[in-house]
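Right, one structure below, let's go through it.
Numbering (our numbering), first residue to last: -1 to 344.
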């Protein structure tokens, strides 16, 4: 995946060079062309990873064994990380039918995912793709699949995988994710002309990255660390805590922003006479990513051990600096007003 992103960033330089010397309107058009192309590549990767996960889940439930279980878990993680890469896109086709929420129902302070799973597993209803489609966003996405694969209480009880109904739920959810990924990829391709031809998507796309960084700092990091909300450290406030991949998902989000958001933003900043700021933001992305792979650990470990918590604090400070550069400095330079955060789960 990282090699693919490097090649993609290389192709983006061609578009950046083409924008050099152009007027504002032409530069904005080039930025939107670049963004659409790059996001399309991310959605294609999501579709491929989701298909692989659905296949792996089906293989495991057909012939359950430890090796197939590990492959299903790894395929889930790869598909989920592919979603994190493009999670920042909060407009366009992903808004249809609450697709973003279908992919990832979060935050879940009332543990609705576990309650929904318990209800379905105890009921007499036939578990099918139709049932998943009618059961609401808490059932339909990656967090439900994570619960079935990784929740300790579930997997130490009577419904532990590969129990028949649990496997049926796992595979039905996996196929729902795959179908949504395919639909999203097709719809984004069909969205191209409207997106590229509509000036307002310049600000909409800039704002999407701003929101993603704000959520990353305030909701995905500060709240579990006890810097917001109750003031107490809590791994359960993070996403993907059951699988121990909270920090991997954050890394994937940052890498996705670096690959699919930053190049277009850099085009706009250069046109606005802010090349130095664009370079600072680029360098800060690198600074953030230098925290990995040391932070590839379950967030509960990072929160409970003082030495590891200091590593998490350093990561938080790097994210906060990146957030400031984009949400304050770049937004002001481009005249983009921060909008309502529709991704907030409150």
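Glycine included, each C-beta is placed from N, C-alpha and C at the ideal position.
Annotated three-state conformation of residue 72 is helix, per DSSP. Distance between residue 151 and residue 246, taken at the CA atoms: about 23 Å. Boundaries of the alpha helix (DSSP H) harbouring residue 276: 273 to 287, taken from the DSSP string. By the neighbour-count criterion, in which 16 or more other beta carbons inside 10 Å mark a residue as buried, residue 321 falls on the buried side.
As the crow flies, the alpha-carbon of residue 67 is around 19 Å from that of residue 239. Taking a C-beta distance under 8 Å as the contact criterion, residue 133 and residue 48 do not qualify as a contact pair.
Contact between the stretch 302 to 310 and the stretch 249 to 265 is absent: fewer than 3 CB-CB pairs across the two stretches fall below 8 Å. Sequence-distant Cβ neighbours of residue 333 in its own chain, meaning closer than 6 Å and more than five residues away, do not exist here.
292 is the residue among 33, 292, 329 whose C-alpha sits nearest the C-alpha of residue 311. Less than 8 Å divides the Cβ of residue 142 from the Cβ of residue 171. Only buried fits residue 41, as 16 or more other CB atoms lie within 10 angstroms of its CB. Uninterrupted alpha helix (DSSP H) stretches at least 4 residues long and entirely within the stretch 148 to 191 occur at 162 to 188, given in chain order.
For residue 272, same chain residues with a beta-carbon under 6 Å away, outside a window of 5 residues either side, are 331 in chain order.
In this structure, 127 is the residue among 177, 186, 127, 88 with its C-alpha nearest to the C-alpha of residue 166. Between the alpha carbons of residue 33 and residue 206 lies a distance of about 12 Å.
Between the alpha carbons of residue 65 and residue 51 lies a distance of about 14 Å. Setting aside the 5 residues that flank it on each side, residue 226 is surrounded in the same chain by 216, 220, each with a C-beta closer than 7 Å to its C-beta; the list follows chain order. Where residue 108 is concerned, there is no enclosing alpha helix (DSSP H), because DSSP gives it neither an H nor an E. Out of 39, 285, 328, the CA that lies nearest to the CA of residue 315 is found in 285. Here residue 303 carries a coil assignment [DSSP, helix/strand/coil].
Taking 8 Å as the cut-off, the Cβ atoms of residue 104 and residue 237 count as close. Nearest to residue 90 by C-alpha distance, out of 213, 196, 123, is 196.
The Cβ-Cβ distance between residue 193 and residue 85 does not fall below 8 Å.
In this structure residue 248 touches residue 214 by the C-beta definition: roughly 6 Å separates them, less than 8 Å.
In terms of Cα proximity to residue 148, the closest of 232, 72, 183 is 72.
Per the coordinates, the alpha-carbon of residue 116 lies some 12 Å from the alpha-carbon of residue 153.
Look at residue 330 here: in three-state DSSP terms it is helix. Note on residue 102: 16 or more other CB atoms within 10 angstroms of its CB, so buried under the neighbour-count rule. Residues 100, 130, 171, 174 of the same chain have their beta carbon placed closer than 7 Å to that of residue 138, with the five preceding and five following residues left out of the count. Each residue's CA atom was taken as its position, placing residue 299 and residue 288 some 20 Å apart. Around the CB of residue 120, fewer than 16 other CB atoms lie within 10 Å, so the residue is classed as exposed.
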